[in-house]
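Asks: One structure follows; several queries about it will come next.
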Amino acid sequence: MATTTTTTTTTMGGLHRLISRSSCSRRTFAASTLPQRPRAIAVRVRSSSAGVTKSQRQRQRQVKLTYLEINSWVWEVGGARILVDPILAGNLDFGAPWLFDAAKKRLKNLGVQDVLQPPGVDLLLITQSLDDHCHARTLAQLAAAAPDLPVVTTPNARPVLAALPTPFRDVTYLEPGQSTNCNGGGVRILATPGPVLGPPWQRPENGYIMFLLQEEEEDAKGLVYYEPHCVYDRSFLEKEALRADVVITPVVKQLLPANFTLVAGQEDAVELASLLRARYVVPMSNGDVDAKGLLTAVVATEGTVEAFKDMLADTLPEAQLLHPTPGVPLHIHLPHLT
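Residues are numbered in my numbering as their position in the sequence shown, beginning at 1, plus a constant of 1323.
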């Protein structure tokens, strides 16, 4: 990965809107108009939910989250290892390094082959269609090395995946409101509405909630919710009565001049945690990078993690804030079925 000369805290979650000359907005979905669920996908997993004891099901409710910087993660949920929004090949530059060019601070040498080494990954999950989530150089290497790796993604990412020199062979596209099951792993992945990166009628990008399936009955509460911009549809979450024990979200706002919000946080993140009745909030630091380029001079932050922690304590005192360290697994134990 190239070494940069300037250390800047900026945003990954919205600069592509400037580069693509588009804007972000929220979109409301009526439950009656949600599309049908696609087929289940086959995923290689290490345990099965069929015929397990109560104590084994409780162990399955333990999740492990490893932050790989920017928007990238490896999650261990319900017996499956899930690679999320990976950036593992070169810098993040949206194809315009003179505007923005970002390198990781800590995991500079982590590459595709490193995450494919045993125990490897079972599923690739992509939230959005642009470079900070759907990193073409990384995906090209992943597809070349593991073309049979199942992929779950937004339909907005179809052009990027179609252009890869070696295609992935098993891709499931989820619209917001659709879900798919991971066979054998006992996990259901539900797509939720994320930001709209264009005109208001454009399809939104995705957030996701991971549900644990147990003896053919779904746990009423999701395990993990993830949307890397803190952009969500409140009416969708309320109407579907969605819940999640763990919420992964930005908590510090990223702004342009005139208070144009690139990445939400602070009170929006508190509201999200409250809506989902989270037990744990894992704050993202997706703007903590070594960056250079013209755009780095105009991006500002608003709020702090400590300010968010205080607001969360006032609104949802039972929730805990858990800080991830890049490259270090964060173990979260959720033994009680809810």
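In this text, a Cβ means the ideal position worked out from N, Cα and C, and glycines have one as well.
In this text, all values refer to a predicted model and were calculated from it rather than measured experimentally.
Identify the continuous beta strand (DSSP E) that holds E1399 and give its terminal residues.
Replies: First-last of the beta strand (DSSP E) with E1399: W1396 to V1400.
Asks: Rounded to whole angstroms, what's the CA-CA distance from L1448 to P1573? Just pull it up for me.
Replies: Near 18 Å, if we compare the C-alpha coordinates of P1573 and L1448.
Asks: By alpha-carbon positions, which one of D1455, A1425 and R1492 ends up nearest to A1467?
Replies: The shortest C-alpha separation from A1467 is found at R1492.
Asks: Please return the same chain residues whose Cβ sits closer than 7 Å to the Cβ of L1579, not counting the five positions on each side in sequence.
Replies: So the qualifying residues of the chain are L1585, V1621 and V1622.
Asks: Would you kindly work out how many angstroms separate the C-alpha atoms of D1454 and A1480, rounded to a whole number?
Replies: Straight-line Cα distance between these residues: approximately 10 Å.
Asks: DSSP on F1559, reduced to helix/strand/coil?
Replies: Helix at F1559.
Asks: At which residue ranges does the stretch 1602-1654 contain complete beta strand (DSSP E) runs of 3 or more residues, listed in the order of the chain?
Replies: Correct list: 1603-1607, 1611-1615 and 1623-1625.
Asks: In the DSSP assignment, find the beta strand (DSSP E) that holds L1448 and state where it starts and stops.
Replies: Per DSSP, L1448 belongs to the beta strand (DSSP E) from L1446 to L1448.
Asks: Quick one: Cα of A1353 to Cα of F1559, how far?
Replies: Its pLDDT being 39, under 50, A1353 is placed unreliably in this model, and the coordinates cannot settle the point.
Asks: From the DSSP output, which residues share a beta bridge with N1529?
Replies: In the DSSP output, where bridge partners are listed per residue, N1529 has P1516.
Asks: With a threshold of 8 Å, are at least 3 pairs of Cβ atoms found where one atom belongs to the stretch 1389-1407 and the other to the stretch 1642-1653?
Replies: The stretch 1389-1407, when compared against the stretch 1642-1653, does touch it at the 8 Å Cβ threshold.
Asks: Rounded to a whole number of angstroms, what is the C-alpha to C-alpha distance between A1412 and L1462?
Replies: Their backbone Cα atoms lie some 9 Å apart in a straight line.
Asks: Tell me whether T1627 is buried or exposed, calling it buried when 16 or more other Cβ atoms sit within 10 Å of its Cβ.
Replies: Exposed: under 16 other Cβ atoms inside 10 Å.
Asks: In three-state terms, what does DSSP make of A1467?
Replies: Three-state result, A1467: helix.
Asks: Compute the Euclidean distance between the alpha carbons of P1640 and A1485, then round it to the nearest angstrom.
Replies: C-alpha separation (whole angstroms): 46 Å.
Asks: Cα separation between R1600 and W1421?
Replies: Rounded to whole angstroms, R1600 to W1421 spans 42 Å at the Cα level.
Asks: Taking H1654 as the reference, which of Y1603, V1435, F1417 and P1482 has the closest Cα?
Replies: Residue Y1603 is the option with its Cα nearest to H1654.
Asks: Which of helix, strand or coil does DSSP assign to N1414?
Replies: Reduced to three states, the DSSP call for N1414 is coil.
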